[in-house]
Amino acid sequence: MGNEERSLSNTIVGALRARGLTAGKLSELSGVSERFLESLIEDKFEALPSLPYTRGYILKIADVLGLNGEELFNEYLKDNEAVKRSGRDDRFPANRFERPKFTGKIVVLSLVILGILLYVFLKVSFFAGRDGLLLQNLGENITYSNEPAFTVSGQVGDSYELTLNGEKIYSDENGDFTAQIELKEGFNTLVFVTKKFLGKEKTATKQVFYKAPVEENVNNNGEE
Numbered sequence: 255m256g257n258e259e260r261s262l263s264n265t266i267v268g269a270l271r272a273r274g275l276t277a278g279k280l281s282e283l284s285g286v287s288e289r290f291l292e293s294l295i296e297d298k299f300e301a302l303p304s305l306p307y308t309r310g311y312i313l314k315i316a317d318v319l320g321l322n323g324e325e326l327f328n329e330y331l332k333d334n335e336a337v338k339r340s341g342r343d344d345r346f347p348a349n350r351f352e353r354p355k356f357t358g359k360i361v362v363l364s365l366v367i368l369g370i371l372l373y374v375f376l377k378v379s380f381f382a383g384r385d386g387l388l389l390q391n392l393g394e395n396i397t398y399s400n401e402p403a404f405t406v407s408g409q410v411g412d413s414y415e416l417t418l419n420g421e422k423i424y425s426d427e428n429g430d431f432t433a434q435i436e437l438k439e440g441f442n443t444l445v446f447v448t449k450k451f452l453g454k455e456k457t458a459t460k461q462v463f464y465k466a467p468v469e470e471n472v473n474n475n476g477e478e
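Counted the way our numbering counts, the sequence shown spans residues 255 to 478.
Spelled out as structure tokens, the structure:
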């Protein structure tokens with residue numbers, strides 16, 4: 255099959271991360287349903303409405319994310335056409351019972367495939383003890399913050415879906431993610447849920463304590 259790059263999903267996810275937004279917040283700001291956003295990001299183009307409606311929604315999304323709407327729509331058209339064409343170039347060998355000749359190209363290709371499999375194995379093993387989740391700026395017990403805006407960052411395994419307090423969090427192609435949380439005074443509970451495809455949900459709960467800085471009053475004599 256062709257290896258045409260699908261850039262639409264990466265563009266949207268990158269813009270979400272740059273602005274510290276979630277799909278839920280983007281849906282609220284743009285008026286576009288979260289189901290449409292998820293279908294767009296996950297390349298489920300068959301679930302999208304007719305082209306005029308899709309174009310209008312993409313322009314709204316681009317406006318909120320500060321992107322060029324027409325360029326984003328053109329990326330959608332390119333990616334959608336790539337999906338429609340996938341599989342057309344597949345061919346059976348002229349003789350399926352003929353034993354393949356192990357040429358230099360086949361050896362190189364085999365090494366590349368082995369390298370990819372090794373990378374996937376190591377990455378899966380790395381996340382195996384963490385339920386597919388690695389949090390970079392949250393402690394084991396309580397994390398303290400003196401700012402109401404708190405940014406959570408981390409990494410999630412390839413085959414995992416992640417939600418934070420019920421909102422779906424999207425990662426980039428490397429599994430990295432960020433999400434901005436508005437803290438209230440005192441303790442704030444962050445509930446991370448990871449789930450593998452057809453697997454069980456696993457939950458990790460973290461506490462962030464926020465206390466606003468105390469402003470010191472100075473009298474006219476310069477004394478506190």
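Glycine included, each C-beta is placed from N, C-alpha and C at the ideal position.
Predicted, not measured: the structure shown is a model, and the values here were computed from it.
- Measure from the alpha carbon of G420 to the alpha carbon of each residue in T276, F404 and G320, then state which is nearest. T276
- Task: Would you mind stating whether Q409 and G393 have Cβ atoms separated by less than 8 Å?
- Result: no
- Within 8 Å, strictly: CB atoms of L305 and F290: no
- Task: Identify every run of the alpha helix (DSSP H) within the region 291-323, keeping only runs that are complete inside it and at least 4 residues long; order them along the chain.
- Result: 305-319
- Message: Pop quiz: G386 and G411 are said to be a contact at Cβ under 8 Å. What is the actual Cβ separation, rounded to whole angstroms?
- Response: 4 Å
- Task: With DSSP collapsed to three states, give me the class of E427.
- Result: coil
- Which class does G274 belong to by DSSP, given the choice of helix, strand or coil? coil
- Item | Test item: CB-CB of T405 and T432 under 8 Å | yes
- Query: Looking only at C-alpha atoms, which of E335, V361 and E300 sits nearest to S261?
  - Reply: E335
- Task: Give the single residue among E296, K460 and F299 whose Cα lies nearest to the Cα of Q390.
- Result: K460
- Keeping to the same chain, check which residues put their C-beta closer than 6 Å to that of R271; ignore five residues upstream and five downstream. T432
- Go to S407, then tell me how far its beta strand (DSSP E) extends in each direction, as first and last residue. A403 to V410
- Per DSSP, which one or two residues make a beta bridge with G440? Y464
- Tell me the DSSP bridge mates of L418? E421 and F446
- Query: From which residue to which residue does the beta strand (DSSP E) around S413 run?
  - Reply: First-last for S413: undefined, no H or E at that position.
- Message: Here's the rule: buried if 16 or more other CB atoms are within 10 angstroms of the residue's CB, otherwise exposed. What is S287?
- Response: exposed
- Message: Can you tell me whether Y307 is buried or exposed? The criterion is at least 16 other CB atoms within 10 Å of its CB, across all chains shown.
- Response: exposed
- Please list, in chain order, all residues of the same chain as I423 whose beta carbon is under 7 Å from its beta carbon, the five residues on each side excluded. T276, L416, T417, F431 and A433
- Using the Cα positions of G278 and G320, report the straight-line distance between them to the nearest angstrom. 17 Å
- Could you tell me which residues DSSP pairs with L368 in its beta bridges? The partner list for L368 (beta bridge, DSSP) is empty, contrary to what the question assumes.
- Task: Check the C-beta distance from E439 over to K465 and give it rounded, since I have them as a contact under 8 Å.
- Result: 7 Å
- Can you list, in chain order, the residues of its chain whose CB lies under 6 Å from that of D343, leaving out five sequence neighbours each side? Residue placement at D343 is poorly supported in this model, since its pLDDT is 43, which falls under 50; the coordinates still yield a value, given next. So no residue of the chain qualifies.
- Task: Quick one: give me the first and last residue of the beta strand (DSSP E) that S399 is part of.
- Result: I396 to S399
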